[in-house]
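Note sheet for the following structure.
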């Protein structure tokens, strides 16, 4: 058991790292907050001074704002649904004894190590291209008309790409939880006559609940900042159909050079992320306390 002296020593040794991490986080946030109340254009570096909440009002009145919020929530929710359900199914499949099990696991996990812009380019030009893509060839093989994914269903295309990238992460975490399940419990359930579905619902799924909540929490934090996939594939279009909140901030900052409005959007994005993370943390805490 740790004594008071060892605890104090541990806090003293961790203090420099904690202070540096706090500074690294708080300084950009303070600068963003300060710019959100200023009118500033980098092409004309003359600050017009304090403008109050006008940047927030202008960002809110942007016709793309509400659409970007909706797209952000749809993207996060859809990817979580696909990756959690798909991760559970893949974990159950990979956990079965098979030839070349190690190679199969590496292949399943490998998409997570592909950089988002590279993955988006591959999907855009090789898989979802309306003329030369794999999906177009499959559609023509069955006599159907190829789908222009990024023109007709841009959000669905983005969701598929992002879910493909995050599915390996969910599978890996859920597979680890699945393999930690005691084999004696499985054998006892089988001896009691429980079928596969009953064992999954009453034994496997409750055992994986903590891992599922951790997957949801971690992925939610990162999915709220998805940006590269949209830039490479749809550029937020058609119109605002695939514009999420981070991409709208990018447009204001680097295309329109409205740093004040972009900073206001960044502050709003931070607030939204903290609200979502708060509820996710509550869900995680309830499951971890069980």
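Numbering (UniProt numbering), first residue to last: 1 to 290. By construction, the Cβ of each residue, glycine as well, lies at the ideal position given by its N, Cα and C atoms.
{"Item": "Quick one: using the 10 Å Cβ neighbour count with 16 as the cut-off for buried, is residue 59 buried or exposed?", "Value": "buried"}
{"Item": "Quick check on residue 38: does DSSP put it in helix, strand or coil?", "Value": "strand"}
{"Item": "Quickly, what does DSSP pair residue 296 with across the bridge? List them, please.", "Value": "Since the first residue shown for the chain is 1 and the last is 290, residue 296 is missing from the structure and cannot be characterised."}
{"Item": "With a Cβ-Cβ cutoff of 7 Å, do residue 177 and residue 211 count as a contact?", "Value": "yes"}
{"Item": "Determine the DSSP secondary structure at residue 55, reduced to helix, strand or coil.", "Value": "helix"}
{"Item": "Using only the alpha-carbon positions, how far apart do residue 11 and residue 4 sit?", "Value": "11 Å"}
{"Item": "For residue 1, is the classification buried or exposed, using 16 other Cβ atoms within 10 angstroms of its Cβ as the cut-off for buried?", "Value": "With a pLDDT of 48 at residue 1, under the threshold of 50, the modelled position of this residue cannot be trusted; read the value that follows with caution. Result: exposed."}
{"Item": "For the putative contact between residue 216 and residue 84, defined by C-beta atoms under 8 Å, what is the C-beta separation to the nearest angstrom?", "Value": "7 Å"}
{"Item": "What is the rounded straight-line gap between the Cα of residue 116 and the Cα of residue 230?", "Value": "10 Å"}
{"Item": "Give me, in chain order, the residues of the same chain whose beta-carbon lies closer than 7 Å to that of residue 227; leave out the 5 immediate sequence neighbours on both sides.", "Value": "246, 247 and 250"}
{"Item": "Quick check: what's the CA-CA separation for residue 276 versus residue 198?", "Value": "33 Å"}
{"Item": "Whole alpha helix (DSSP H) runs in the segment 154 to 238 with 4 or more residues, listed along the chain?", "Value": "154 to 179, 183 to 191, 196 to 199, 209 to 223 and 228 to 233"}
{"Item": "For residue 104, which of 240, 172 and 34 has the nearest alpha-carbon?", "Value": "172"}
{"Item": "Is the CB-CB distance between residue 244 and residue 36 below 7 Å?", "Value": "no"}
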